[in-house]
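Asker:
Residue numbers (our numbering): 3 to 490.
1) In the DSSP output, what is residue 324 paired with across the bridge?
2) With distance defined between alpha-carbon atoms, name the residue in 411, 261 and 103 nearest to residue 149.
3) Please classify residue 18: is it buried, with 16 or more other beta-carbons within 10 angstroms of its beta-carbon, or exposed?
4) I want to see whether chain C comes within less than 8 Å of residue 328, judged by CB atoms only; does it?
5) Can you give the Cα-Cα distance for residue 468 and residue 336, rounded to whole angstroms?
6) Among all the DSSP beta bridges, which residues are the ones paired with residue 385?
7) Rounded to whole angstroms, what is the Cα-Cα separation between residue 349 and residue 385?
8) Helix, strand or coil: how does DSSP classify residue 454 here?
9) Consult DSSP for residue 235 and reduce its assignment to one of helix, strand or coil.
10) Helix, strand or coil for residue 300 per DSSP?
11) Check whether the Cβ atoms of residue 354 and residue 325 sit closer than 8 Å, and answer yes or no.
12) Name the DSSP bridge partner or partners of residue 44?
13) What residue range is occupied by the uninterrupted beta strand (DSSP E) comprising residue 35?
14) Going by DSSP, name the residue or residues bridged to residue 440.
15) What would DSSP say about residue 199, mapped onto helix, strand or coil?
16) Quick one, are the C-beta atoms of residue 422 and residue 381 less than 8 Å apart?
17) Are the CB atoms of residue 246 and residue 222 within a distance shorter than 8 Å?
18) Using DSSP's beta-bridge definition, name the partner residues of residue 109.
19) Output yes or no for whether 8 Å exceeds the beta carbon distance between residue 358 and residue 427.
20) Determine the burial state of residue 318: buried for a count of at least 16 other Cβ atoms within 10 Å of its Cβ, exposed for fewer.
21) DSSP state of residue 17, grouped into three classes?
22) Please report the distance separating the alpha-carbon of residue 458 from that of residue 161.
23) What would DSSP say about residue 229, mapped onto helix, strand or coil?
24) Please go through the same chain and pick out, in chain order, the residues whose beta-carbon is closer than 6 Å to the beta-carbon of residue 214, but skip the five residues on each side of it.
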């Protein structure tokens, strides 16, 4: 269901097909609206300040699990000058190129659902809406003494401020927005929830291939969830979904982390959650965490410029050196001699204050235990890439060559592998993780790291469970959503 909330319905100037216009007082106090689920709400109250009607519409919608634009997070950001100023810096190039032909000293841009009447400003309007998803928005730009444009103001626009000449365009833009999957528009099937899958073909090493993404979508459909992939450019649309599944390689300070933060703040169920991304993208954190809690690891040392001469005595040679924030095999080097160790440490310590050194523990394969919600879900053997000491070998042209992935039934996995994986992942969180372990001669098991965003590729990790793997991940979302009382 789609609704527009206003203070007075008799003053709402637009007729948008399939959208109910409701008075704010009715929305806030009526039993009907309190009972409804799967509602997409556009909040067009005159004011959004704290304790105003518009503020309480956003607050109550959040409590009911209704999708609301603008969200409380967005409303707060608009009131913080520092946030707007920081956005201005990020937009410098786009603003400069978009407004370069103008001769005036000041320019106001009206943004309706991420669009402007003039095609010239499409990219700028879309970016403003991406950062601040407010249905009607007005941005003010001014030239400085050097004739450079900058964003100086950003505010929501009341419906009464929309010029008559803009109204047909506004109706078209609203209808286009509401027809988007996940926005509560018409559908041939009545879905229980909407799931956004953040996935990009441009990710050089995506954690799921296209075939796996299709299987996640089909699994979601079986569970009554409408799932669709979204791109980094669709940041502003997160609030229209119930859950976010990140299937891009995560990094701090990266759009994947920003998506996770925004989704969590908006009340979505998120895999991977921001805390898991933080804990899994730094190997120094994990080394200290596992040491403190007695999780078995290869001999490990946190190296800095003051103790680098102790590496050989502590972990021996050969050893493996790791950039704390590296992913896959990136930022990982093997030092076989004292000279090689010196050169590798020089390079790594130039980029990071701390580096991880681990004893080299050669095995023909690594165990990968996929954990979900605190329980082992799937297990694979990751064999080393041919002629290489890691599971991934990067070619001179930047191409990636992987070792064989062998799915293994849980019943065939040594109990100690599963026990150590459960203990290690439990220290990180309750989400979806890939625990990498090595089984040493004599049966001892050590953890090398715990990864968020673990690989799930069609024909690889799903080799034992098949569709059951995808169904289990989707069921995790369903369970979390039902526990929160979001949706039907």
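From the three backbone atoms N, C-alpha and C, an ideal C-beta is built for every residue, glycine too.
Answerer: On the basis of the data shown:
1) According to DSSP, residue 324 bridges with 334 and 358.
2) Ranking 411, 261 and 103 by Cα distance to residue 149 puts 103 first.
3) Its Cβ being crowded by 16 or more others within 10 Å, residue 18 is buried.
4) The structure shown contains no chain C; it is built from a single protein chain.
5) Taking the straight line joining both Cα atoms gives about 36 Å.
6) According to DSSP, which records beta bridges pairwise, residue 385 is partnered with 367.
7) Cα-Cα distance, rounded: 28 Å.
8) Reduced to three states, the DSSP call for residue 454 is strand.
9) Correct three-state label for residue 235: helix.
10) Taken through DSSP and simplified to helix, strand or coil, residue 300 comes out as coil.
11) The answer is yes: Cβ separation under 8 Å.
12) Answer is 6 and 71.
13) Looking at the DSSP string, residue 35 is not in any beta strand (DSSP E); the run it does join, the alpha helix (DSSP H), is 33-37.
14) Bridge partners of residue 440: 448.
15) In the structure shown, residue 199 sits in a strand (DSSP, three-state: E or B).
16) Taking 8 Å as the Cβ cut-off, residue 422 and residue 381 do not qualify as a contacting pair.
17) Going by beta carbons, residue 222 and residue 246 fall outside the 8 Å limit.
18) DSSP lists 143 as partners of residue 109.
19) Taking 8 Å as the Cβ cut-off, residue 358 and residue 427 do not qualify as a contacting pair.
20) Result: exposed.
21) Looking at residue 17 - three-state DSSP - the assignment turns out to be coil, as it is neither helix nor strand.
22) For residue 458 and residue 161, the gap between their C-alpha atoms comes out near 47 Å.
23) Here residue 229 carries a strand assignment [DSSP, helix/strand/coil].
24) Taken in chain order, the residues that qualify are 458, 459 and 460.
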